[in-house]
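Residue numbers (the working numbering): 856 to 1262. No residue lacks a Cβ here, since even glycine has one placed at the ideal position from N, Cα and C. Just below is one structure, and these are the notes that go with it.
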Ligand code: HGY
Ligand code: MN
Ligand code: MN
């Protein structure tokens, strides 16, 4: 293990960690996010890399001249889901700096600019839209729509950026910056157990499942829990509960995923029949037809159960990310580069998790490396990767950067 990895990891570990849960709450444009960004700047400075923040709040650390173009870029994100793990995102950023250190110790001399990037607000935990930083840069999220995104306190994304000291006037497509990127490689902890079932610490991504987020508003009539007869109620909760069960059944039958993981209830009183249940569905499948059919079936179930309970239901699609098939030529090149140096097989695997690499793939050649996760658990404090697998990840990333940038 390059000692720099352990040092960086140890410095980052306490930032934004909740002492109660042990999970991370590194939400975009909060003080915890600012601490992570300061950490990134310090790592860039320690290596003499020029650090810049782009118009959408993404951080870049440059080795070589950014304006030269055709850069080899690597990195990931530092923000987290509520009570997230230590690895989802940070492993890619720490490994990126460590891989640059490894290149230096190998005496490798890049002939192309190399950059480490920290994309802002990848998880969308605060404003509801994942990969906001890369979506803005790629023009997939417009500044107008970004201005309409609000956190739980009603603060908009641009307002939060301004409050954190970023000029949000300038947010929007960043073709000029993306045009400097010749290739982007994101290393990420695997969010599943595929690699654990193999002898390989590192794999290469083939594709990202299409996925999206849908908001369901079940509206009924708030009333007294003790005096309202069961037959007189317009209670959105049973309609919601039946929809959750339908979603589980349909997703299991389709080999897909459906999750209601976030919920708001009004008035949210123990002794009140709710007037509103607002629930967010995260749905994913291997292909868009299956996903469309799944969400359609869940919507039909929600409507049927709502009608039976005498409540209204409204559906809003808050985000959708189409299937991403990573460029086969680049993917194969990564496999070749690793196979030439490493003794293990290099599995090529799809993922159901979203990534900035998936957003960038529409604009630049993009690839991903996955590092083995012994339990597969992610988006939880229990998320883990073994230290020797993290070392293998750094070495693999260094192999890839050397192969791409030093020829
Ligand atoms: O939600 C996701 O798939 C990702 O981890 N942002
Ligand atoms: Mn994540
Ligand atoms: Mn991630």
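Could you give the distance in angstroms between the alpha-carbon of residue i and the alpha-carbon of residue j?
i	j	result
residue 856	residue 1254	In this prediction, residue 856 scores a pLDDT of 46, lower than 50, which makes its location untrustworthy; the coordinate-derived value is nonetheless stated afterwards. Whole-angstrom Cα-Cα distance: 15 angstroms.
residue 858	residue 1057	20 angstroms
residue 1233	residue 937	12 angstroms
residue 1243	residue 1053	15 angstroms
residue 958	residue 1005	42 angstroms
residue 816	residue 903	The first residue shown for the chain is 856 and the last is 1262, placing residue 816 beyond what the model contains.
residue 919	residue 1091	58 angstroms
residue 979	residue 1206	18 angstroms
residue 862	residue 1178	37 angstroms
residue 1059	residue 1213	14 angstroms
residue 947	residue 1009	31 angstroms
residue 993	residue 1104	36 angstroms
residue 1184	residue 975	28 angstroms
residue 1066	residue 1082	43 angstroms
residue 1188	residue 1131	52 angstroms
residue 1049	residue 982	31 angstroms
residue 1209	residue 1063	7 angstroms
residue 969	residue 1252	13 angstroms
residue 1121	residue 1248	46 angstroms
residue 991	residue 1084	50 angstroms
residue 1042	residue 1226	7 angstroms
residue 1102	residue 1143	17 angstroms
residue 908	residue 1149	40 angstroms
residue 1172	residue 1069	4 angstroms
residue 1200	residue 1055	6 angstroms
residue 1204	residue 1180	11 angstroms
Is residue i buried or exposed, if buried means 16 or more other CB atoms sit within 10 Å of its CB?
i	result
residue 875	exposed
residue 987	buried
residue 1125	exposed
residue 935	buried
residue 866	exposed
residue 869	exposed
residue 1025	exposed
residue 960	exposed
residue 1260	buried
residue 1079	exposed
residue 950	buried
residue 1123	exposed
residue 1257	buried
residue 1013	buried
residue 1164	buried
residue 966	exposed
residue 1146	buried
residue 1118	exposed
residue 1229	exposed
residue 1045	buried
residue 878	buried
residue 1016	buried
residue 944	buried
residue 1031	exposed
residue 1094	buried
residue 886	exposed
residue 849	The structure shown has nothing for residue 849, since the chain only spans 856 to 1262.
residue 871	buried
residue 1087	exposed
residue 1018	exposed
residue 900	exposed
Is residue i near ligand 2, with its Cβ less than 7 angstroms from a heavy atom?
i	result
residue 1066	no
residue 936	yes
residue 1143	no
residue 1234	yes
Sorry if obvious, but does the Cβ on residue i come closer than 7 angstroms to a heavy atom of ligand 3?
i	result
residue 924	no
Indicate, with yes or no, if ligand 1 has a heavy atom lying under 7 angstroms from the CB of residue i.
i	result
residue 1247	no
residue 878	no
residue 985	yes
residue 1209	yes
residue 1287	This structure cannot speak to residue 1287, because the chain is shown only from 856 to 1262.
Return no unless some Cβ of chain C is closer than 8 angstroms to the Cβ of residue i.
i	result
residue 1173	No chain C is part of this structure, which consists of one protein chain only.
Cβ-heavy atom distance between residue i and ligand 5 below 7 angstroms?
i	result
residue 942	Of the ligands one can find in the structure shown, namely ligand 1, ligand 2 and ligand 3, none is ligand 5.
(request) Please determine if the region 1088–1107 and the region 1127–1138 are in contact, where contact requires at least 3 C-beta pairs separated by less than 8 angstroms. (result) yes
(message) Within 8 angstroms, do at least three Cβ pairs link the region 1012–1027 to the region 1165–1180?
(response) no
(request) Give every residue whose Cβ lies closer than 5 angstroms to any heavy atom of ligand 3, listed in chain order. (result) Those residues are 943, 944, given in chain order.
(request) Could you say if the region 997–1017 and the region 951–965 meet the contact criterion of at least three C-beta pairs nearer than 8 angstroms? (result) no
(request) Please confirm if the region 1217–1224 is in contact with the region 1032–1042, defined as three or more CB-CB distances below 8 angstroms between the two stretches. (result) Between the region 1217–1224 and the region 1032–1042 there are three or more C-beta pairs closer than 8 angstroms, enough to call the two in contact.
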